[in-house]
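Scroll down for the structure; my scribbles are underneath it.
Chains as they are written, first to last, in this note's numbering: chain R, 1 to 112; chain A, 1001 to 1114.
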C-alpha cells in the first residue's frame, strides 16, 4: 500500500532563512507527486506537482521540489522564506488515476 | 471558471444523527473525491465518484456513502454519527485521466459531533 511520510511536524524559521521539508513515499510503480499548502483559514492549494520529465519541479511563490527516485523522496525547498509562507504543507502521492495519499503535514511558522 | 464549492461551511450534530454534505465540482470536471481531515492530520481519502459511480474507496465504514449527480455535483452522507467523525470534510474535483489527476479542493465543511 502507498504511504507518505513527512519528517517534520512543526518547523519554525526566521524570515530569509532557507527551507527544506522532507517527504518520502512508499510505492514501487510510477507515481505522481504533489505538495499542497493550506494557509490559515484557507483551503488546500496546489503548490507544485511532478508527473514526469525534469525531476526538479518549480512551483508557485518561489517553491521547488526535487524528485529523487532512488530515495523515494520529494523534498520541498525555498531559498528564502517570508512571513507569508506561514502555513501547513502536505506532501501527497498517487499512482496515475488512483486516489491521492497525503502525509500528515508540516506546520511551518515563520518569525517576522 | 468557477471553483469547487461546498456547503454548509460548518455543522454541529449529535451522536447517532445523520448528515449530508454537498459539493459542486469545478466546471469541466467529471470526478469528485471526498476526504476527511481530522485535527492535526492530513486528508484521508474516503471515496471517489466518476460518472455517477463509486470509483475507489478508502478505509471507511459503509455508513459513509455518497452520490454523484449528472451535473457532477456530489453528496457525502454519514449515518449514525460518532464523536470521531468530527473533522473537516474536503471535496476535490478533477478530470479523470490515466496520467493526470490534479485535484482542486473546496474550502471544506467543518463537522462537529457532540
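Ideal Cβ placement from N, Cα and C applies to all residues, glycine included. Predicted, not measured: the structure shown is a model, and the values here were computed from it.
Residue interval of the beta strand (DSSP E) (run including residue 1110(A)): 1109-1113 is the extent of the beta strand (DSSP E) around residue 1110(A).
9 Å Cβ cutoff, residue 1066(A) in contact with chain R: no
C-alpha gap between residue 27(R) and residue 71(R), whole angstroms: Distance between the alpha carbons of residue 27(R) and residue 71(R) is about 11 Å.
Which of helix, strand or coil does DSSP assign to residue 104(R)? coil
What is the rounded straight-line gap between the Cα of residue 38(R) and the Cα of residue 1103(A)? 14 Å
Can at least three beta-carbon pairs, one atom from the region 1001-1011 of chain A and one from the region 1107-1114 of chain A, be found at a separation below 8 Å? At 8 Å Cβ cutoff, the stretches touch.
For residue 63(R), go through chain A and note every residue whose CB falls closer than 9 Å to its CB, in chain order. Residues of chain A passing the Cβ test: none, with the nearest at roughly 16 Å.
Rounded straight-line distance, which links the Cα of residue 1021(A) to that of residue 1073(A): Roughly 11 Å separates the two Cα atoms.
Cutting at 6 Å between CB atoms, please list the residues of its own chain near residue 59(R), excluding the five before and the five after it. 47, 48
Buried or exposed: residue 1080(A), going by 16 or more other Cβ atoms within 10 Å of its Cβ? exposed
Taking 8 Å as the threshold, find out whether the region 1052-1071 of chain A comes into contact with the region 73-93 of chain R through three or more Cβ pairs. no
Span separating the alpha-carbon of residue 66(R) from that of residue 74(R): 5 Å
List the residues of chain R that residue 1093(A) touches, going by C-beta distances under 9 Å, in chain order. Those do not exist, as residue 1093(A) stays about 12 Å from chain R at its closest Cβ, beyond 9 Å.
Could you give the residue range of the beta strand (DSSP E) that holds residue 83(R)? It is not in any beta strand (DSSP E) - residue 83(R) carries neither H nor E in the DSSP assignment.
What does a CB cutoff of less than 6 Å around residue 1083(A) pick up in its chain, not counting 5 residues either side in sequence? 1113
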